[in-house]
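Asker: Next up is a structure, given as structure tokens.
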Amino acid sequence: MLNRALEEAQARGVPALVLTFEPHPRSVFRPDQPVFRLTPAPLKARILEGMGFSAVIEYPFDRTFSQLSASDFIRSVLMDWLHASHVVTGFDFHFGKGREGGPAFLMAAGGENGFGVTLVDAFRDENASVISSSHIRGLLGEGDVSQAAGMLGYRYTVEAEVIGGKKLGRTLGYPTANMQLPPEVELRNGIYAVRFRRADGSLHDGVASFGKRPTVDSDGIALLETFVFDFSGDLYGEVCSVSFFGHLRDELKFDGLDPLVVQMKQDDAEARDCYPASSRSV
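Residue numbers (the working numbering): 267 to 548.
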């Protein structure tokens with residue numbers, strides 16, 4: 267759908283824009299059930315910029331906006347605000363109060379108001395399975411970050427500030443950059459081969475643990491702890507990102523620190539074998 271939008275914009279000589287809604291509508295109607303966002307808004311904007319889009323429009327979604335009729339949405343948002351000459355959307359896009367506007371409504375409105383409409387069918391993988399955000403979330407919940415990357419088109423990536431920890435990893439020879447992810451993240455607990463991106467854009471391979479550290483901790487707070495290969499320096503307070511390349515194993519509880527260190531050395535070696543020698547992109 268995004269590629270088709272870029273093609274249409276190029277053919278017409280107009281900027282290609284992406285219209286999104288923030289926060290996610292479910293967060294407005296069911297705030298007690300936070301949405302696992304596959305791509306946080308800032309990261310999404312950077313990806314779309316890299317693809318060639320001129321801008322990402324984040325329209326504020328609230329209960330007042332949700333009561334806007336389909337006709338008013340077309341007039342006030344698509345025409346008066348965006349001055350859309352062509353709209354590209356999924357085949358199942360619905361909008362307006364009570365989801366009253368659908369594909370047929372949008373196409374008819376385009377014909378009446380002078381903008382084109384392209385509906386893009388569901389995208390399927392080689393097994394004819396529909397690629398959807400729900401499917402990708404399920405894969406991440408299983409720890410299958412490799413298959414999720416094939417559907418996303420890039421490695422699943424999280425971004426957060428590096429925070430201080432108990433510094434136990436430093437005493438064990440494996441200092442880690444610790445991040446606290448949003449509680450709604452449904453990534454499977456375990457050990458992963460990852461790529462760590464600093465705020466300055468530099469990339470570093472590493473191995474990360476995501477979970478509650480059952481061997482050494484009991485406070486129940488899940489952390490992402492990344493051991494960055496061949497790196498020494500202060501990362502505290504820096505907003506960094508971590509991209510997941512492969513799930514090595516589940517989180518385990520060991521009988522003391524000595525067997526934990528033995529396993530960490532094995533995880534280190536296995537993670538280092540996961541990266542293409544010449545690849546430095548996520």
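Quick reminder that beta carbons are idealized off the backbone N, C-alpha and C, glycines included. Please read all numbers here as calculations on a predicted model, not as lab measurements.
For Gly382, I'd like the list of residues in its chain whose CB is within less than 8 angstroms of its CB, leaving aside the five on either flank, ordered along the chain.
Answerer: Glu274, Ser351, His352, Val353, Gly376
Asker: Distance check for Ser399 and Asp500, CA to CA, integer angstroms please.
Answerer: 36 angstroms
Asker: What residue range is occupied by the uninterrupted beta strand (DSSP E) comprising Pro326?
Answerer: 321-326
Asker: So if DSSP puts Ile429 in a beta bridge, which residue, or which two residues, is it bridged to?
Answerer: Asn444
Asker: Between Leu518 and the ligand ATP, is there a pair consisting of the residue's CB and a ligand heavy atom that are separated by less than 7 angstroms?
Answerer: With respect to the ligand ATP, the structure offers nothing, as it holds no ligand at all.
Asker: Whole angstroms is fine: what's the gap from Val428's alpha carbon to Val301's?
Answerer: 23 angstroms
Asker: What residues match up with His513 in a beta bridge as DSSP calls it?
Answerer: Tyr458
Asker: Quick check on Gly316: buried or exposed, where buried means 16 or more other Cβ atoms within 10 Å of its Cβ?
Answerer: exposed
Asker: Where DSSP assigns a beta bridge to Arg463, which residues make up the other side?
Answerer: Leu469, Ser507
Asker: Please report the distance separating the alpha-carbon of Asp358 from that of Phe295.
Answerer: 21 angstroms
Asker: Which partner residues of His352 appear in the DSSP bridge assignment?
Answerer: Gly382
Asker: With respect to the alpha helix (DSSP H) encompassing Glu273, which residues constitute its N-terminal and C-terminal limits?
Answerer: 268-278
Asker: With distances taken Cα to Cα, identify the nearest neighbour of Gly407 among Asn269, Val386, Phe462, Asp516.
Answerer: Comparing Cα positions, the closest option is Asp516.
Asker: Between Val424 and Leu447, which are expected to be in contact by the criterion C-beta below 8 angstroms, what is the C-beta distance as a whole number of angstroms?
Answerer: 6 angstroms
Asker: Any Cβ of chain E within less than 8 angstroms of the Cβ of Ser342?
Answerer: In the structure shown, chain E does not exist; there is a single protein chain.
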